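The next block holds one structure in the form of structure tokens; read it before the comments.
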Amino acid sequence: DADTCYVSMYNSPGGAVYKTTDGGGTWFQVGANMFGQGTSFADMVYFFDAANGIAMGDPVGSPLKYEIYRTTDYGVTWTQVPGTNIPSLANNAEYGITNLFSAAQGRVWFGTTYGDVYRSIDGGINWSKSASGFPAYNGTNGRQDISDIAFSDSLTGIITQTNATTTLVRKTTDGGLTWTSITP
1401 DADTCYVSMY NSPGGAVYKT TDGGGTWFQV GANMFGQGTS FADMVYFFDA ANGIAMGDPV
1461 GSPLKYEIYR TTDYGVTWTQ VPGTNIPSLA NNAEYGITNL FSAAQGRVWF GTTYGDVYRS
1521 IDGGINWSKS ASGFPAYNGT NGRQDISDIA FSDSLTGIIT QTNATTTLVR KTTDGGLTWT
1581 SITP
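Take the position in the sequence shown, starting the count at 1, then add 1400; the result is the number in this note's numbering.
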């Protein structure tokens, strides 16, 4: 609403989620239990409605898994999504990209530096991933960074990859399970 907002931020060491309930006049940290590891980095926070939200950060732990939390009580308490509900990384050097996500009709997606798209269709409880098919570029150790992601509904979305010479675009019509190249 006009008074309530959440932001994710890097707060060395780790990350944090802050909330305002007075239109940005004051901010306070929520979920002090989140993003506390030395390698934690908060990439995004999103609320499906006033009470239910998620926060996602770069991979941590062993094996490495994205650090994802859920709240169902307006951000008062946060619970980490079990690693068993999150797919393994394509590469141990993979990480999320700050604020690179999209949401539509109760679903949420985020892109990674190795061209994967993670999605949840149940409020962030369970996650799946698909490969974008973008090529590696610019000698960046095989990275396939997704530059942008946008969904218009639960099935239709696009992702882009922009490198030094070109922008590639891929589209999905099955909610992000598969991606095909298009020329916009």
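Heads up, the beta-carbon is just placed ideally off N, CA and C, and yes, glycines get one too.
As the structure is a prediction and not an experimental result, all values here were calculated from the model.
- Counting only residues of its own chain and dropping the five nearest sequence neighbours on each side, S1532 has a CB closer than 8 Å to the CB of G1511, G1515, D1516, V1517, Q1544, I1546, I1559, Q1561, R1570 and W1579.
- In the DSSP assignment, V1517 falls within the unbroken beta strand (DSSP E) covering D1516 to S1520.
- Residue pairing by DSSP places I1525 opposite no residue, since no beta bridge is assigned to it.
- In this structure, the alpha-carbon of W1478 lies about 11 Å from that of A1451.
- Assigned with DSSP and collapsed to three states, T1556 falls in coil, not helix or strand.
- Closest by C-alpha distance to S1520, out of P1535, L1568, V1476 and R1470, is R1470.
- Annotation for I1468: the continuous beta strand (DSSP E) segment containing it runs K1465 to T1471.
- Counting every other CB atom within 10 Å of its CB across the protein chains shown gives S1488 a total below 16, marking it as exposed.
- In the three-state reduction of the DSSP assignment, G1483 falls in the helix class.
- The beta carbon of G1576 is closer than 7 Å to those of W1509, V1517, R1519, S1530 and G1557 in its chain, skipping five residues each way along the sequence.
- Relative to A1493, the option among G1523, S1502, T1439 and G1475 whose CA is nearest is T1439.
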